[in-house]
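The block underneath contains the structure these notes are about, expressed in structure tokens.
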Amino acid sequence: MDIKSSPRKITSKRRVNYRKSSWAIHEFEVWSGELICRAVALRMKDSLLVWIGGREARLSEIALAVPLIVGQGALATALLGEEGGATGLARRLTLALGCQVYVCCGQVFDRFTAPLVERGIVSEIKNHLNSF
């Protein structure tokens, strides 16, 4: 729309104050001799979204885990795909961080690479705690 053609009618006298986003994005890679996966962590106000995948933008699993209000523990469920590695990872991250965690996987990991990915994420959390 052209500025000249826009209506000159003022509907509000409120000022809009912009502020810095409270979301933080942290990207990293997990290596073990060769690239195993790429990961992106999106930290929001009371939750965390972790995407784990390869070079292509794919999505095969989404899992959500929430901490229990009473006692120790966490509940986790698959939102997309099967109950697989994403659900367990989301539960363990929720227990460690104490917030809601969404885990999105765009790559399937076998029994050898899954522990390496989890160890890489834990290492990244320890090294960059303010991003998680």
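Residue -16 is where the sequence shown starts when you use the numbering used here, and the numbers rise one by one after that. Using N, Cα and C, we set each Cβ at its ideal position, and we do this for glycine too.
In this structure, the alpha-carbon of N113 lies about 14 Å from that of L32. Under the DSSP definition of a beta bridge, G36 partners with R21. The three-state secondary structure of I104, taken from DSSP, is helix. Taken atom to atom, the span from the alpha-carbon of C88 to that of I(-7) is near 47 Å. Per the C-alpha coordinates, the member of A57, A46, N0 and Q90 positioned closest to T77 is A57.
Measuring C-alpha to C-alpha distances from Y85 to each of L42, W14 and H111 identifies L42 as the nearest. DSSP places R26 within a strand segment (E or B) once states are collapsed to three. Note on G68: 16 or more other CB atoms within 10 angstroms of its CB, so buried under the neighbour-count rule. In the DSSP assignment, T70 falls within the unbroken alpha helix (DSSP H) covering G68 to L80. Taking C-beta atoms as the reference points, Q90 and G36 count as a pair closer than 7 Å.
Each residue's CA atom was taken as its position, placing G64 and I45 some 7 Å apart.
With contacts defined as CB atoms closer than 7 Å, E12 and R26 fail to qualify as a contacting pair.
Of all alpha-carbon atoms in R94, P50 and D93, the one lying nearest the alpha-carbon of L80 is that of P50.
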